[in-house]
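J.:
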Amino acid sequence: MAIKVLHLIDSGGLYGAEKMLLTLVSEQIKQGLAPMILSAGEPEQPEKPLETEAKHLGLPITPWRMKPGFNLMGAKDIIRWAKSNGFQLLHSHGYKFNVLMGLWPESLRSLPLITTLHGYIKAPRFTKSWLYESVDRFALNQMRAVVLVSEAMKQQIPAGVAQSERIAVIPNGLDVEAVREKAQSPLSEIFREFFDMHSPVLLGVGRLSPEKGFDRLIQAFSCVREDHPNAGLIIIGEGAMRAELVGQAEKTNVLPDVLLPGYYDEVPAVMSNANIICMPSRTEGLPITLLEAMATGIPIVATNVGEIGRVLGQTRGLVKGGVVVPAEDDAALLEGIHEMISNRDTQNAATAWARERVQAAYSSEAMADQYLAVYQQALG
Numbered sequence: 280m281a282i283k284v285l286h287l288i289d290s291g292g293l294y295g296a297e298k299m300l301l302t303l304v305s306e307q308i309k310q311g312l313a314p315m316i317l318s319a320g321e322p323e324q325p326e327k328p329l330e331t332e333a334k335h336l337g338l339p340i341t342p343w344r345m346k347p348g349f350n351l352m353g354a355k356d357i358i359r360w361a362k363s364n365g366f367q368l369l370h371s372h373g374y375k376f377n378v379l380m381g382l383w384p385e386s387l388r389s390l391p392l393i394t395t396l397h398g399y400i401k402a403p404r405f406t407k408s409w410l411y412e413s414v415d416r417f418a419l420n421q422m423r424a425v426v427l428v429s430e431a432m433k434q435q436i437p438a439g440v441a442q443s444e445r446i447a448v449i450p451n452g453l454d455v456e457a458v459r460e461k462a463q464s465p466l467s468e469i470f471r472e473f474f475d476m477h478s479p480v481l482l483g484v485g486r487l488s489p490e491k492g493f494d495r496l497i498q499a500f501s502c503v504r505e506d507h508p509n510a511g512l513i514i515i516g517e518g519a520m521r522a523e524l525v526g527q528a529e530k531t532n533v534l535p536d537v538l539l540p541g542y543y544d545e546v547p548a549v550m551s552n553a554n555i556i557c558m559p560s561r562t563e564g565l566p567i568t569l570l571e572a573m574a575t576g577i578p579i580v581a582t583n584v585g586e587i588g589r590v591l592g593q594t595r596g597l598v599k600g601g602v603v604v605p606a607e608d609d610a611a612l613l614e615g616i617h618e619m620i621s622n623r624d625t626q627n628a629a630t631a632w633a634r635e636r637v638q639a640a641y642s643s644e645a646m647a648d649q650y651l652a653v654y655q656q657a658l659g
């Protein structure tokens, strides 16, 4: 009998975790499983980007609206609905459902619970995020399995969880051919106009949040402009730091050459037109954006956090698939951007290696097979 798994996510956009989930569900259907995405949101919230994209791809998704916060009774309603629809396993993809489902003992929940940690950020003490993180640490101990997207994340999560036999490491996978097909899609007018007016164009993709380091990217871009006055910067994504980033671009006199378009579905098409993608993250797991960049062949400059260095072939200080710089080293970030802009040989060698690497090592099929093994163990 096909395993019926309910994927639980409260998504604000269409970033790495959401893209990974869509890819995983697509592969699980091919495997003969019966997956469903439950996309949570607040009452009266309109359709989310994840819901729109899932419908576009023909993937099963149920929009679910509920009161925010520690809504344990709302979680109970989901559990009741899942049982009535024959689901055998709950798969959480984030803090919200780690907490809401993990606080229900399995004896009452009656459904095994696993989670994928797509990233893990230590919040400042005594903040609201710190409180959620503290509860999340408790909830992780209630899981049948905890999946990390990189080995490096074992250093970020609580030691008791990291050393548990319930830990599995499954790198994110990518439907490489689908991404390359999307890279050929036509751009919307706002992007066409920007590319016509700017060269070279730097690109950043992700939530507008501190861990993505886009404040560092804007600072570096202001220096790049000194040598390349026609340069432009695109940062695709939405989040709480939008106003701060706009203010920083204005303060450094680069705002007219910075495009912050919000969400955009066809990111690979932008990648195929930009000159460099910059990933100045302060923390990461294994970002889907990195794999998409490797598949499309855009030169990569990234910080050495999470799995980024390993994925790009870093050994003994040499990197095969891009330029990797130390985290929080602004001078090295700027130097890496200059290197990738000016050295065509470096670009060509890195992009050729990266395209082969992502095809061979990070397929969506391999990812789905590893998740199936975790499911079978959790249900066993």
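Plus 279 on top of the position in the sequence shown (first one is 1) and you've got the numbering used here.
The C-beta atom is built at its ideal place from N, Cα and C for all residues, glycine as well.
If you compare alpha carbons, which of A629, S643, E472 and V428 is closest to G398?
T.: V428
J.: Run through DSSP, which three-state label would G541 get?
T.: strand
J.: Roughly how many angstroms separate the alpha carbons of K355 and Q367, rounded to a whole number?
T.: 16 angstroms
J.: Under DSSP, the alpha helix (DSSP H) around T331 begins and ends at which residues?
T.: P328 to L336
J.: Using only the alpha-carbon positions, how far apart do V304 and P508 sit?
T.: 45 angstroms
J.: Give the secondary structure of S305 by DSSP, where H, G and I count as helix, E and B as strand, and everything else as coil.
T.: S305: helix per DSSP, three-state reduction.
J.: Does the distance from the C-beta atom of G516 to that of G492 stay below 8 angstroms?
T.: no
J.: What residue range does the alpha helix (DSSP H) around I647 cover?
T.: In the sequence as presented, Ile is not what sits at residue 647; that position holds Ala. Note, A647: alpha helix (DSSP H), S643 to L658.
J.: Should E505 be labelled buried (16 or more other beta-carbon atoms within 10 Å of its own) or exposed?
T.: exposed
J.: Over what stretch of residues does the beta strand (DSSP E) that includes K530 continue unbroken?
T.: Judged by DSSP secondary structure, K530 falls outside any beta strand (DSSP E) and instead within the alpha helix (DSSP H) spanning R521 to K530.
J.: For a quick check, are the C-beta atoms of V426 and A447 less than 8 angstroms apart?
T.: yes
J.: Can you tell me whether G452 is buried or exposed, with buried defined as 16 or more other CB within 10 angstroms of its CB?
T.: buried
J.: Could you give the distance in angstroms between the alpha-carbon of N350 and the alpha-carbon of L481?
T.: 42 angstroms
J.: From this set, M380, F500 and E444, which residue's C-alpha is nearest V653's C-alpha?
T.: E444
J.: Provide the residue span of the alpha helix (DSSP H) that contains I616, from first to last.
T.: D609 to S621
J.: In chain order, which continuous runs of the beta strand (DSSP E) of length 3 or greater are located wholly inside the stretch 541-587?
T.: Segments of the beta strand (DSSP E) lying fully in the stretch 541-587: 555-558 and 579-582.
J.: Assuming Y542 and P328 make a contact with CB atoms under 8 angstroms, what is their CB distance in whole Å?
T.: That pair is a contact at about 5 angstroms.
J.: If P342 and E323 are in contact, beta carbons under 8 angstroms, what's the gap, nearest whole angstrom?
T.: Not confirmed; about 12 angstroms, so no contact.
J.: What are the residues that DSSP puts in a beta bridge with S318?
T.: I288 and P342
J.: Taking the alpha carbon of G337 as the point to measure from, which residue in T302, N364 and I393 has its own alpha carbon closest?
T.: Per the Cα distances, T302.
J.: What are the complete beta strand (DSSP E) segments, minimum 3 residues, inside the stretch 425-469?
T.: 446-448
J.: Thinking C-beta only, is A657 closer than 8 angstroms to I393?
T.: The Cβ-Cβ distance between I393 and A657 falls below 8 angstroms.
J.: So, helix, strand or coil for I282, using DSSP?
T.: Collapsing the DSSP output to three states places I282 in coil.
J.: Give the single residue among M422, S413, G365 and L396 whose Cα lies nearest to the Cα of E385.
T.: M422
J.: So, are the CB atoms of F500 and L487 less than 8 angstroms apart?
T.: no
J.: Using the beta-carbon count (16 or more within 10 Å), is D289 buried or exposed?
T.: The residue in question, D289, is buried, as its Cβ has 16 or more Cβ neighbours within 10 Å.
J.: State yes or no: is the C-beta of A553 within less than 8 angstroms of the C-beta of I587?
T.: no
J.: Once the 5 residues before and after E330 are set aside, which same chain residues still bring their CB inside 7 angstroms of it?
T.: S318, I340 and P342
J.: Is it right to say T395 is buried, meaning 16 or more other beta carbons lie within 10 angstroms of its own, or is it exposed?
T.: buried
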